[in-house]
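Residue numbers (this note's numbering), protein chains in the order written: chain X, 1 to 14; chain R, 1 to 257.
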């Protein structure tokens with residue numbers, strides 16, 4: 001089963 | 001002072017309908033240029049980015065920048081009190097502890113005011129760079145809604161596969177599998193019904209149905225939806241809000257374990 005990524009893996013907190 | 005008036009409260013009602021399943025609360029950033037909201041769902045899987053330009057309002061005044069934390073469920077309840085034809089005005093004073101929603105009937109014989117307390121919120125703001133995507137697909141929003149609903153019956157996620165010919169949506173699970181192919185429309189005479197694929201590289205990505213089915217709640221805002229995709233990056237699902245702005249949903253893809 002595919003696992004769900006977290007958005008914070010892609011975009012940095014500013 | 002902050003004051004923003006929309007002749008059609010229906011637009012704001014639809015905006016709230018489009019975010020209330022994903023967000024329980026959000027910070028509304030108000031400035032001279034308009035109102036912006038950026039908020040992630042609790043699981044950090046999706047993000048809502050809402051932009052309402054000041055020039056799209058019938059009246060707009062914002063003397064100083066304001067960050068107002070609002071309960072989305074409370075705001076949604078208040079907007080349900082507006083008549084479909086009512087004008088809505090949002091009003092707050094500088095350093096506000098509350099915001100007032102004013103609904104006025106078309107013949108001005110009924111004026112209703114609802115005051116909502118603001119909430120203090122810790123906000124996590126993500127920096128989303130301007131990106132050029134491998135595939136950008138425009139399609140009727142009602143079709144996208146239907147595809148997400150139909151394929152959700154087969155599995156927890158939907159795979160989007162885009163080539164220059166069109167886009168294929170597929171899902172599989174215990175009951176079986178399903179796939180729906182949409183070809184790019186040859187003529188763009190009817191813009192509302194058009195399916196337009198702009199492809200640099202083919203893309204294949206898998207997304208959770210649960211979130212897609214939240215995004216499609218924005219369907220009543222716009223006849224077309226735009227899906228921007230690149231391999232291994234979040235999907236951007238965008239609906240225009242008339243001439244006033246847009247709502248964008250970002251959704252992290254699923255990856256094979």
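Think of the CB as a built atom: it goes at the ideal place given N, C-alpha and C, for glycine as much as any other residue.
Name the residue from the options whose alpha carbon lies nearest to the alpha carbon of residue i.
i             : options                       : result
residue 78/R  : 9/R, 182/R and 119/R          : 9/R
residue 73/R  : 128/R, 116/R, 230/R and 165/R : 116/R
residue 237/R : 214/R, 243/R and 101/R        : 214/R
residue 179/R : 185/R, 164/R, 189/R and 155/R : 155/R
residue 26/R  : 97/R, 122/R and 112/R         : 122/R
residue 200/R : 217/R, 86/R, 193/R and 228/R  : 228/R
residue 231/R : 29/R, 131/R and 80/R          : 131/R
residue 147/R : 2/R, 181/R and 128/R          : 181/R
residue 64/R  : 81/R, 34/R and 44/R           : 34/R
residue 145/R : 45/R, 257/R, 241/R and 219/R  : 219/R
residue 136/R : 80/R, 196/R and 255/R         : 196/R
residue 210/R : 36/R, 41/R, 13/R and 7/R      : 41/R
residue 259/R : 80/R, 139/R, 60/R and 255/R   : This structure cannot speak to residue 259/R, because chain R is shown only from 1 to 257.
In whole angstroms, what separates the C-alpha of residue i from that of residue j?
i             : j             : result
residue 172/R : residue 152/R : 9 Å
residue 260/R : residue 251/R : A question about residue 260/R goes unanswered here, because the residues of chain R that appear run from 1 up to 257.
residue 158/R : residue 225/R : 17 Å
residue 53/R  : residue 38/R  : 15 Å
residue 168/R : residue 71/R  : 37 Å
residue 247/R : residue 49/R  : 6 Å
residue 118/R : residue 185/R : 47 Å
residue 2/R   : residue 19/R  : 23 Å
residue 87/R  : residue 127/R : 34 Å
residue 5/R   : residue 90/R  : 6 Å
residue 19/X  : residue 125/R : Any property of residue 19/X remains undetermined from this structure, which presents chain X solely from 1 to 14.
residue 23/R  : residue 241/R : 19 Å
residue 7/X   : residue 216/R : 19 Å
residue 207/R : residue 16/R  : 23 Å
residue 166/R : residue 143/R : 14 Å
residue 101/R : residue 61/R  : 15 Å
Counting only beta-carbon separations shorter than 7 Å, does residue i have a partner in chain X?
i             : result
residue 163/R : no
residue 124/R : yes
residue 155/R : no
residue 102/R : no
residue 247/R : no
residue 87/R  : no
residue 257/R : yes
residue 140/R : no
residue 254/R : yes
residue 216/R : no
residue 159/R : no
Query raised in the report: If contact means a Cβ-Cβ distance below 8 Å, which residues of the stretch 219–250 of chain R contact chain X?
Result: 233, 234 and 250
Query raised in the report: Of all the residues that make up the stretch 110–135 of chain R, which are near chain X by a beta-carbon distance shorter than 9 Å?
Result: 124, 125, 126, 127, 128 and 129
Requested in this report: Output the residue ranges of the beta strand (DSSP E) runs that lie fully inside the stretch 187–234 of chain R and measure 3 residues or longer, sorted by chain position.
Outcome: 196–199, 203–208 and 224–229
Query - Residues in the stretch 44–63 of chain R having any Cβ partner in chain X nearer than 8 Å - result: 44, 45, 46 and 47
Requested in this report: Scan the stretch 189–218 of chain R for residues whose Cβ lies nearer than 8 Å to a Cβ of chain X and list them as they occur along the chain.
Outcome: 206 and 208
Query raised in the report: What are the complete alpha helix (DSSP H) segments, minimum 4 residues, inside the stretch 128–178 of chain R?
Result: 141–151
Query raised in the report: Taking the runs of the beta strand (DSSP E) that are 3 residues or longer, which of them lie wholly in the stretch 92–126 of chain R?
Result: 98–104 and 111–117
Query raised in the report: Can you list, in chain order, the residues of the stretch 24–40 of chain R whose Cβ is nearer than 7 Å to any Cβ on chain X?
Result: 40
**Report entry** Minimum length 3: unbroken beta strand (DSSP E) runs contained in the stretch 14–78 of chain R
**Finding:** 25–31, 34–40, 46–53, 59–62 and 66–71
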